[in-house]
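Have a look at the structure below before the remarks.
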Amino acid sequence: MKKEVKITLASHCSSECLVRFVHEANRFKSYILLHQDELEINAKGLLGILHLLNTSEGEELILSAEGMDAEQAVAHLSKILRQPPESMKEGG
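Position 25, counted from 1, in the sequence shown is what the working numbering calls 128; the numbers after and before it change by one each time, with no gaps.
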């Protein structure tokens with residue numbers, strides 16, 4: 104199964120947000136990618152994801168996953184990228 108969703112970032116991605124995103128992505132069996140313009144980033148690798156430190160509020164990304172838990176992966180991971188930084192500090 105393949106699932107894809109467009110995400111508009113709620114705020115600039117902090118390093119804490121990106122580390123959490125990679126940690127959570129690795130909980131899923133699916134192959135997970137983030138697409139930014141022409142760039143494809145493996146969501147399970149921290150080095151690639153760190154590229155997103157250059158993103159800004161309102162920027163659009165596409166999150167895609169392919170595998171048996173793709174739908175759950177996209178739903179869960181998109182929430183992480185959409186939530187404001189304040190809610191992440193509260194354990195959100």
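We put the beta carbon where it would ideally sit given N, CA and C, even for glycine.
Does any C-beta atom of chain B lie closer than 8 Å to the C-beta of THR111?
-> Protein chain content of the structure displayed is limited to a single chain, and chain B is not contained in it.
Item to check | Short Cβ contact (8 Å threshold) for LEU184 with LEU136 | outcome: Translated into positions along the sequence shown, residue 184 becomes position 81. Translated into positions along the sequence shown, residue 136 becomes position 33. It is not a contact, given that the beta carbons lie outside the stated cut-off.
Item to complete: Look up LEU136 in the DSSP assignment and give the residues it is bridged to.
Response: For the purposes of this step, residue 136 is identified with residue 33 of the sequence shown, where counting begins at 1. Beta-bridge pairing links LEU136 to ASN145, SER167.
For this session: Please check the pair LYS106 and GLU163, which I expect to be a contact at CB under 8 Å, by giving their CB distance rounded to whole angstroms.
Result: Here residue 106 refers to the residue found at position 3 when the sequence shown is read from its first residue. Here residue 163 refers to the residue found at position 60 when the sequence shown is read from its first residue. No, LYS106 and GLU163 are not in contact; Cβ-Cβ is about 17 Å, not under 8 Å.
DSSP on GLU107, reduced to helix/strand/coil?
Taking the sequence shown and counting its residues from 1, the one referred to as residue 107 is at position 4. Strand.
Notebook entry, point to check: Who are the Cβ neighbours of PHE121 in its own chain at under 8 Å, not counting the five residues just before and after it?
Noted result: Counting from 1 along the sequence shown, the entry for residue 121 is found at position 18. Correcting the residue identity first, residue 121 is Leu in this sequence and not Phe. Contacts found: LEU149, ILE152, LEU153, LEU155, LEU156.
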